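The structure under discussion appears below in the form of structure tokens.
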Amino acid sequence: MADRDLNQMLKKMEAESQLQTEGDTERLDDTQRVKVLSPGRLVFKRFIRNRLAIVGSCILVFMFVFCFVGPYLYPYGQTDKFYITDIFENSNYAAAKERTEYSNYEIDESVSVHYLVTNMMNYFINEMKAADLDIMLVKDDFGEKYIIKYEADNIYSLNESDLTRVGLLASALLVCEYDMFTQTITYSEGVEMDDAFGMAVRLAVMDREGEFVYGGKTYKVESAGGKKYAIWHHLDAGLQYITQSPGEGFEAAVEAALDGDKRIFEFGGSQYLIDQTGSDSYDIYRYAIRKMLYVCSPYTVDLYSGADVPKDFLKTALIGFCRGGVFSFDGADYVISEELEDGESVINIYRAGEARPYALFTTFSVSRYTGSGGLLLEFKDDVRHKIQEMSEQNKSVATLITKVEKQASDGSVMLDENGNVVYEDTEVTITRKGDNYTITTDRIIDLIDMYAPPMSKTSSHTHIMGTDRDGFDVFARMMYGGRISLVVGFVVVIIEVILGILMGGISGYFGGWVDTLIMRLVEVFYCIPSLPIMIIIGAYLDAEQVNPYVRLVWLMAVLGFLGWASVARLVRGQILSLREQEFMLATEVGGLRVSRRIFRHLIPNVMPQLIVTATAGLGSVILIESTLSFLGLGVKHPFATWGTMINSVSDYNSMVNYTYIWVPVGLLICLTVIAFNFVGDGLRDAFDPKMKR
Amino acid sequence: MLKFIVKRLLLSILILFFSMFLIYLLMNNLPTSYVEKTARELATLPGNQKSAEQWTEELIEELNERYGLNKGAIPGFFTWLSYAVRGEFGESWQWTVEVTEKFSEVIWYSFFLALIAFVLEIIIAVPLGVLAATKQYSMTDYTVTVVSLIGISMPTFFVATVLKFVFAAKLGWFEPFGMVTARLAGKLTGFAWLLDIAWHFVLPALTLTIIGIGSLMRYTRTNTLEVLNADYIRTARAKGLPESKVIGYHAFRNTLIPLVTILGGSLPGLFSGALITETLFSIRGIGYTSFESMKNGDIPFTMFYLAFVTILTLVGTLIADILYAVVDPRVRVN
Chain A
-8 MADRDLNQML KKMEAESQLQ TEGDTERLDD TQRVKVLSPG RLVFKRFIRN RLAIVGSCIL
52 VFMFVFCFVG PYLYPYGQTD KFYITDIFEN SNYAAAKERT EYSNYEIDES VSVHYLVTNM
112 MNYFINEMKA ADLDIMLVKD DFGEKYIIKY EADNIYSLNE SDLTRVGLLA SALLVCEYDM
172 FTQTITYSEG VEMDDAFGMA VRLAVMDREG EFVYGGKTYK VESAGGKKYA IWHHLDAGLQ
232 YITQSPGEGF EAAVEAALDG DKRIFEFGGS QYLIDQTGSD SYDIYRYAIR KMLYVCSPYT
292 VDLYSGADVP KDFLKTALIG FCRGGVFSFD GADYVISEEL EDGESVINIY RAGEARPYAL
352 FTTFSVSRYT GSGGLLLEFK DDVRHKIQEM SEQNKSVATL ITKVEKQASD GSVMLDENGN
412 VVYEDTEVTI TRKGDNYTIT TDRIIDLIDM YAPPMSKTSS HTHIMGTDRD GFDVFARMMY
472 GGRISLVVGF VVVIIEVILG ILMGGISGYF GGWVDTLIMR LVEVFYCIPS LPIMIIIGAY
532 LDAEQVNPYV RLVWLMAVLG FLGWASVARL VRGQILSLRE QEFMLATEVG GLRVSRRIFR
592 HLIPNVMPQL IVTATAGLGS VILIESTLSF LGLGVKHPFA TWGTMINSVS DYNSMVNYTY
652 IWVPVGLLIC LTVIAFNFVG DGLRDAFDPK MKR
Chain B
47 MLKFIVKRLL LSILILFFSM FLIYLLMNNL PTSYVEKTAR ELATLPGNQK SAEQWTEELI
107 EELNERYGLN KGAIPGFFTW LSYAVRGEFG ESWQWTVEVT EKFSEVIWYS FFLALIAFVL
167 EIIIAVPLGV LAATKQYSMT DYTVTVVSLI GISMPTFFVA TVLKFVFAAK LGWFEPFGMV
227 TARLAGKLTG FAWLLDIAWH FVLPALTLTI IGIGSLMRYT RTNTLEVLNA DYIRTARAKG
287 LPESKVIGYH AFRNTLIPLV TILGGSLPGL FSGALITETL FSIRGIGYTS FESMKNGDIP
347 FTMFYLAFVT ILTLVGTLIA DILYAVVDPR VRVN
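Right, dumping it as structure tokens:
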């Protein structure tokens, strides 16, 4: 303040004297010849004399403009993906397959069926087909029983049923199993025996196979594989009832069904089912189907319009099929009918009130190789016929001409004036691979414009620095990356400085035990290796898959928290020497508050050194950030930072081939950090000219 | 002097204790879910006879026992400390051998790599720094200043990548990765083996030198300038000594005082490994090993490495302090 006053005073005097002596020639002792500069201006003057500092400042100004203004002027963003279109000969267009595997469609989600049952549906159905059964009983691991029922060709259903085990027909009954290894007896369901029987079993098993008598009954021991033995009890009587006999002649009905090789029969108004449990033993159940849980079918649905099949339409149609061929979906009613078309049986679905069929069931599925959207039925038919022909002639490759969407030169589908897709006759190739058929044709395809070299002619857009692996514009990412690097640098340094001033200020001003404590803390923080800690935290955030924004905040907070120690030490050192000076005595005499004395009178005097450290610190923070990002543990995709950009081409082959990505980015990092160091050095020399000779 | 050393030593132990506590706090605060997840991942690695669940449980049990992760921060810390003091750091998850065993296997690679770079740095940086100071504001000075600033400002990974690109990819003089030539692995013995390793160490050592040279050059220059401003130099000149003698004898020997202090202080650092350089060049040293461990959440090795680096830093400061006290008796008083 004093200097400025002096300056103004001198100027005033000068003005007055000039007024008085206007017209006089300049005198030697003219005060105008003496220039008194404020300390700030002195520093500034010394700073701009330093060539390196000026170079540094220019680079920094350029960087700031480049990173913060550049993105507004540049047309592409950091996550704009670029594509190129190209004609790909024989690119995969569609896939075809004759479906034989049954898919399960869940009807009632409230009943959970054990996954073992649902997963084995294909096996069960094949078993049923082999034995020509209409109904089969299946059990899961917990003894829960379900009924699989034949509904129509290629359609089966899994049902929840009321089942009553009426009786069993067996020549022998499995009493128990004995495991020699663990010496345990496992009794069959519903069988209870005393310990003496157990002893008898053990004795009998010693002789391996054979028979033994216990309680007047004959038991047979049979090896059941490994160290296990099964103990059977011979039954003389034919049918043994578990519940009451349903009536006279029931046994005869069972025998008749078995003789006729049937598994279901009706008796006395109830349905009965015979479940084969062993080579010569059967369980007889009375059953009533309660609820359909799953419908299983290899069918798919094709719409005649060629449009996409609505979600759940297939399932609803299949259920409708099982329930008499009528169903409604999405507000419309549909009727299913089997018809003969060109000598083939076709199952068509009619929408109520329409004469032409709406859709059809087919086990032959043709679908697009990639992307969504239905295929023209005509195309599917052509393909199907061709494939039939191929399998008849046993060929694995065939070509045909069929209708495929016409493409515009940019790869999009061509539409006519009514907005309908235009189809044109195209030659397609069908190739067989096992049971699958691939349909290939020449298509125009959109591809990510990967690693386009700078100013490449083949790209759809001009990229000054080319594109990277994700088809992002490198130049745009350089700007956005710099933005993040600079922001991280500033935020971290601000955190460091605030923490450092607080701790250093308190420590230096109060001294004594507070000082000792804080200085020990500073030393502790000095010792802690910050890069390893950042790596650990980075790995942790990686494992937790933290959102990139949150990650960025974490990164800045931790870096700031780990870096305050050096600032605190500097502030303390300065304050220790400053507080002994007269102006501090004056503040004390003036009765100023402690906080005011520290933050208004001491800290401003530390500022020059702080600014120097902070400027150099900015450079090192940017270095740490880019190193972390390079290691893949700092700022994450899709955010661009300089470190991640180099990391994306860090493997050896990319490094050799894509120099146009990593070299400019690396140079940007170097330039920025060098500039901060130049400016920091320049400021130090300007603030403290004693260092200069 | 003895009193000073003892005092500094005790202080260092105190600081070490609290640094360890902070590091332990970090580990202790890693959520259990992360620890469990890492353990599970490691347990499902191929080659484990035990089932994954069993392994995970065992790992966590061992972790709880050794690190007291299930206890509070303070009792847990003492649990860990009681093991650490005895040198028992447990078995590394990543390397499936004792932490200390892995450490003794890899440490010497790191040390020799760092030593080569250290010697190179001194040989290049000190004379250049002195030269720059004696010819202040000359072209030499500017060049040295700029070069040293560039050295400080370059990220290690960039230097390494540039070196790899130029010397391995374009010129083909060196291999970009590894410590031994793959096709000769296990076949070389004795001197040939040593030569092979040395050949692979050239690029990493060069990287470390380029990175480290800047600060040493700057430090030498600043200190030499300070010395050259001293009165005794003026006296030496005034009494008519030749300039070579003024610089080489009077100035340089005094410049050596802070230099020896700082170089002595950085000696323990030679053991801490070059994390990034080793990783980039696949040198199986402590830096590479610890980086892999930290990245994959290998808690036993990470804790060991953090403790090790902290101790190295402390020993470095201690050596610097003591050396400083030896050369400058005024320090001993405070």
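The listed protein sequences derive, respectively, from chains A and B.
Quick note on numbering: the first sequence equals residues -8 to 684 in this note's numbering.
Quick note on numbering: the second sequence equals residues 47 to 380 in this note's numbering.
Don't be surprised by glycine CBs; every beta carbon is placed ideally from N, CA and C.
Remember, predicted model here, so these are calculated numbers, not experimental data.
Per DSSP, what are the beta-bridge partners of residue i in this structure?
i              : result
N427 (chain A) : A:K88, A:K424
E213 (chain A) : A:A221
C287 (chain A) : A:N95, A:Y147
C167 (chain A) : A:Y178, A:I222
I255 (chain A) : A:L264
F552 (chain A) : None; F552 (chain A) has no bridge partner.
E418 (chain A) : A:I392
S358 (chain A) : A:A86
K282 (chain A) : A:E151
Quick check: what's the CA-CA separation for residue i versus residue j?
i              : j              : result
Q174 (chain A) : V204 (chain A) : 20 angstroms
A160 (chain B) : L316 (chain B) : 5 angstroms
L309 (chain B) : L254 (chain B) : 15 angstroms
E167 (chain B) : F135 (chain B) : 35 angstroms
R40 (chain A)  : V60 (chain A)  : 28 angstroms
I106 (chain B) : P77 (chain B)  : 13 angstroms
S179 (chain A) : L165 (chain A) : 7 angstroms
D679 (chain A) : M446 (chain A) : 48 angstroms
S645 (chain A) : N83 (chain A)  : 28 angstroms
L609 (chain A) : F481 (chain A) : 7 angstroms
P250 (chain B) : K148 (chain B) : 22 angstroms
G581 (chain A) : V505 (chain A) : 25 angstroms
M469 (chain A) : A559 (chain A) : 34 angstroms
M547 (chain A) : M494 (chain A) : 19 angstroms
I146 (chain A) : L284 (chain A) : 13 angstroms
Which whole-angstrom value is the C-beta distance of residue i and residue j, which I expect to be below 8 angstroms?
i              : j              : result
F298 (chain B) : V176 (chain B) : 6 angstroms
N269 (chain B) : T301 (chain B) : 5 angstroms
T632 (chain A) : I475 (chain A) : 5 angstroms
Y428 (chain A) : K88 (chain A)  : 7 angstroms
G657 (chain A) : T207 (chain B) : 7 angstroms
N648 (chain A) : F621 (chain A) : Not quite, the Cβ-Cβ distance comes to about 18 angstroms (not below 8 angstroms), so this is no contact.
D373 (chain A) : L391 (chain A) : 6 angstroms
Go to residue i, then tell me how far its beta strand (DSSP E) extends in each direction, as first and last residue.
i              : result
E202 (chain A) : 201 to 205
M127 (chain A) : 126 to 130
E239 (chain A) : Looking at the DSSP string, E239 (chain A) is not in any beta strand (DSSP E), and its letter there is neither H nor E.
T685 (chain A) : A query on residue 685 (chain A) cannot be resolved here, the shown segment of chain A reaching from -8 to 684 and no further.
D324 (chain A) : 323 to 332
F320 (chain A) : 317 to 320
Taking residue i as part of the alpha helix (DSSP H), name the residues at either end of that continuous run.
i              : result
Y500 (chain A) : 465 to 501
I340 (chain A) : First-last for I340 (chain A): 335 to 342, but that is the beta strand (DSSP E), not the alpha helix (DSSP H).
S48 (chain A)  : 42 to 55
V355 (chain B) : 345 to 373
F574 (chain A) : 573 to 580
L230 (chain A) : Unbroken run through L230 (chain A) is the beta strand (DSSP E), 230 to 232; no alpha helix (DSSP H).
Let me confirm a value: residue i is counted as buried when at least 16 other C-beta atoms fall within 10 Å, else exposed. Which label applies?
i              : result
W126 (chain B) : buried
H296 (chain B) : buried
C58 (chain A)  : buried
Q398 (chain A) : buried
M190 (chain A) : exposed
V34 (chain A)  : buried
N385 (chain A) : exposed
S101 (chain A) : exposed
D344 (chain B) : buried
H376 (chain A) : exposed
W139 (chain B) : buried
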